[in-house]
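Have a look at the structure below, then the notes.
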Amino acid sequence: GESVGLHLPTLSVQEGDNSIINCAYSNSASDYFIWYKQESGKGPQFIIDIRSNMDKRQGQRVTVLLNKTVKHLSLQIAATQPGDSAVYFCAEVLHGSSNTGKLIFGQGTTLQVKP
Amino acid sequence: SQTIHQWPATLVQPVGSPLSLECTVEGTSNPNLYWYRQAAGRGLQLLFYSVGIGQISSEVPQNLSASRPQDRQFILSSKKLLLSDSGFYLCAWRGPPPRPNYGYTFGSGTRLTVV
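Order-wise, the sequence lines are chains A and B. Taking our numbering, I'd label the letters of the first sequence as residues 24 to 138. Taking our numbering, I'd label the letters of the second sequence as residues 1090 to 1204.
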């Protein structure tokens, strides 16, 4: 899940289509995962989270899927809108680090929404 | 309400000059505080975190240092900047339990360019 040294991939979608953003995390001992949205020049904002004892969680227009077997996380955005254009990061919390609160961020994906 | 302030928003500094970035939090007590760096087009890397006054943990070897002189103040410093210190620096805080959405709030960031 370490993002240092990796360039961000880009996903380009048409407005109104569904978007799927993927993330491969590194540590099988991670027990909590979060998706963040970062708009240009701003800090990341929380979107949705999921615990490792779940495989799916739904929010408003967003769904997170967790596949622990292959250590893969995905974020699905329904009916993508221009305001969804941003960089999306997954973050993992290692088991036992909930007190320190350290987050390990994935590489990030740039979502571009075409009108 | 809780807020986080980070300044300056942008900074251009020559190589070899000192650095001091400040982050303050309002509306909470005894937060965990974090400094992240984001290089251009890349993900977030945790630099330092603090669970209390005077308690600093460094995550990666680097040219920077951090200090927490007061409960709600976190400072990132360098004695001599390097070109590689350029990036987007984000401060974040995490309050005591309960912690909805894992409790992370990021500041608006400081874009540092070392020339």
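Here a beta-carbon is modelled for each residue, glycine too, at the ideal position from N, C-alpha and C.
- For residue 55(A), the residues of chain B that pass the 8 Å Cβ criterion are 1191, in the order they occur in the chain.
- Against chain B, the CB of residue 39(A) has no partner CB under 7 Å away; the residue lies outside that interface.
- Within the stretch 65-82 of chain A, contact with chain B at the beta-carbon level (separation under 8 Å) is assigned to 65, 66, 67, 68, 69 and 72.
- Residue 124(A) belongs to the set of residues whose beta carbon lies under 7 Å from a beta carbon in chain B.
- Taking a Cβ-Cβ threshold of 8 Å, the residues of chain B close to residue 130(A) are 1131 and 1132, in chain order.
- For residue 1168(B), the number of other beta carbons within 10 angstroms of its own is below 16, and it is reported as exposed.
- Put simply, the CB of residue 1183(B) is near chain A, with a gap under 7 Å to one of its CB atoms.
- With 16 or more other CB atoms across the displayed protein chains lying within 10 angstroms of its CB, residue 1127(B) is buried.
- For the options 1105(B), 1179(B) and 1160(B), the alpha carbon positioned closest to that of residue 1135(B) is the one of 1179(B).
- Residue nearest to residue 85(A) within the set 94(A), 93(A), 102(A) and 76(A) is 102(A) (criterion: CA-CA distance).
- In the three-state DSSP reduction, residue 107(A) falls in the helix class (H, G or I).
- Listed in chain order, the positions of the stretch 1131-1155 of chain B with a beta carbon within less than 8 Å of a beta carbon of chain A are 1131, 1132, 1133, 1134, 1135, 1138, 1140, 1146 and 1148.
- As summarised for the stretch 59-110 of chain A, the continuous beta strand (DSSP E) elements at least 3 residues long and confined to that stretch are 68-74, 79-81, 85-90 and 95-100, given in chain order.
- Following the DSSP letters along the chain, one finds residue 45(A) inside the beta strand (DSSP E) bounded by residues 42-47.
- 58(A) is the residue among 58(A), 135(A) and 123(A) whose C-alpha sits nearest the C-alpha of residue 115(A).
- Judged by beta-carbon spacing, residue 1170(B) lies beyond the 7 Å limit of residue 1101(B), meaning their Cβ atoms are not closer than that value.
- Per the Cβ contact rule, the stretch 1191-1204 of chain B is in contact with the stretch 1091-1098 of chain B (3 or more Cβ pairs under 8 Å).
- A direct Cα-Cα distance of roughly 21 Å separates residue 1188(B) from residue 1163(B).
- In this structure, the alpha-carbon of residue 112(A) lies about 14 Å from that of residue 73(A).
- The beta carbon of residue 1122(B) does not come within 7 Å of any beta carbon belonging to chain A, so the residue lies off that interface.
- A straight line joining the alpha-carbon of residue 1119(B) with that of residue 1147(B) spans about 19 Å.
- Taking the Cα of residue 1204(B) as reference, the smallest distance to any Cα among 1175(B), 1181(B), 1186(B) and 1191(B) is reached at 1175(B).
- Collapsing the DSSP output to three states places residue 1171(B) in coil.
- Using a Cβ distance threshold of 7 Å, residue 1122(B) and residue 1139(B) count as a contacting pair.
- Taken through DSSP and simplified to helix, strand or coil, residue 1141(B) comes out as strand.
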